[in-house]
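full-length UniProt numbering puts the first residue of the sequence shown at 1, with every later residue one more than the last.
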Amino acid sequence: MAVEHKTKETVKNRTDFNKKETDEVLISFDENLEVTGNEIDTASKKELKQMPVIMSIENLNKEYTKGKSVLKRINFNIKQGELLSIIGPSGAGKSTLLRSINRMIEPTSGKITFDDKDITGVKGKELRKMRTNIGMIFQHYNLVDRLSVFENVMHGTLGYKNSLQGIFSMYTESEKEEALDIITELGIQDHIYKRCDELSGGQKQRVGIARALVQKPKIILCDEPIASLDPSSSRVIMEHLRKICSKKGITVIVNLHQVDVAKNYSDRIIGLNSGQIVYNGHPSEIDKEVIQSIYGTDFDDLITE
């Protein structure tokens, strides 16, 4: 009870300070519909060019049925602190690619190098250890609805614990304090003891982001994180993902259906069509011809605003 009282008191002291900051972010999204990641200062772009490659994908292929490829000869590198968006029509292989990276889906062939280590064939404890460095955010949140925001966020530490510690929720004071800091940064400190089924979609997704950050990952994979959200909530989520890259130096790879959102917030965009990369470049170079090659339609048809 003493620990819970201390936690509540800490949150209360932080709430008033951060509420104004969160409100300002929400207002800025409403007042400036053209906020773009491409307006990030030139210095940070130069810094990104100098950052090391954290992951390499080489000749990655995936077949669910023999002879029917979902991913075909996928090749690209990912830099530390980069926000990389993967776009493409439904069925293009976006989710399969993302889930192949952390081995939720086993690739048929190819090589994935993470932190200078081939992780394509790792298993057991080595695979679990690798996954602690790769956070995951889901379209439908993957939260335990009956548990509180704080409890769900703390689940992000379970990859570092043994079975007994996990079963009995044996978290250190340091882990709890760090979780509180992250929850406060994301502006959901007012809801920390609410059950997750009482939250809005945007709030739930911020809980998912907090849970991923508590893992202390080097990469966060986001599988359609704004597909179920309204435009205002989507902007809040994308702004937080942008800050995770620029402020924390964590790489973010995000699958998106919204081309305009990808153009606004990404350092780089990969376009998939029928399991193949048809575009890999800067958002500013996305033109009608590129859109046609990815989607088979005009850019204006894909604007979500």
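We put the CB at the ideal spot given by N, CA and C, even for glycine. This structure is a prediction, so every number in the text was calculated from the model and none was measured.
- For T65, the beta-bridge partners assigned by DSSP are K68.
- Taking T157 as reference, the option from I101, V214 and D197 with the minimal CA-CA separation is V214.
- Per DSSP, F150 has no beta-bridge partner at all.
- With contacts defined as CB atoms closer than 8 Å, L84 and I74 fail to qualify as a contacting pair.
- With a threshold of 16 other beta carbon atoms within 10 Å, T65 falls short and is exposed.
- In the three-state DSSP reduction, G110 falls in the strand class (E or B).
- For the 8 Å CB-CB criterion, S100 and L127 do not form a contact.
- S234 has its alpha-carbon roughly 19 Å from the corresponding atom of H191.
- With a 10 Å radius around the Cβ and a threshold of 16 neighbouring Cβ atoms, H240 comes out buried.
- Below 8 Å, too few C-beta pairs join the segment 240 to 254 and the segment 281 to 294 to call them touching: fewer than three.
- In this chain, Y141 is not harboured by any alpha helix (DSSP H), its DSSP state being neither H nor E.
- Sorting E151, D116, G202 and P52 by C-alpha distance to the C-alpha of S169 places E151 at the top.
- Judged by DSSP in its simplified three-state form, D223 adopts strand.
- Scanning L143, K216, K263 and Y160 for the CA closest to the CA of D197 turns up L143.
- The residue from S228, K204 and H155 with its alpha-carbon nearest to that of K216 is H155.
- The Cβ neighbour count for S95, taken over all protein chains shown within 10 Å, is at least 16; the residue is labelled buried.
- Pairing K218 with N102 gives a Cβ-Cβ distance that is not under 8 Å.
- Straight through space, the alpha carbons of R211 and Y141 are spaced by roughly 10 Å.
- In this chain, the alpha helix (DSSP H) harbouring Y265 covers V259 to Y265.
- Inter-residue distance for I277 and K129 is about 30 Å (C-alpha atoms, whole angstroms).
- In this structure, the CA atom of D230 is about 25 Å from the CA atom of E82.
- Under the DSSP assignment, S85 falls in the beta strand (DSSP E) whose first and last residues are L83 to I87.
- The C-alpha of D267 lies about 20 Å from the C-alpha of S293.
- For Q276, the uninterrupted beta strand (DSSP E) segment begins and ends at Q276 to G281.
- Look at M136 here: in three-state DSSP terms it is strand.
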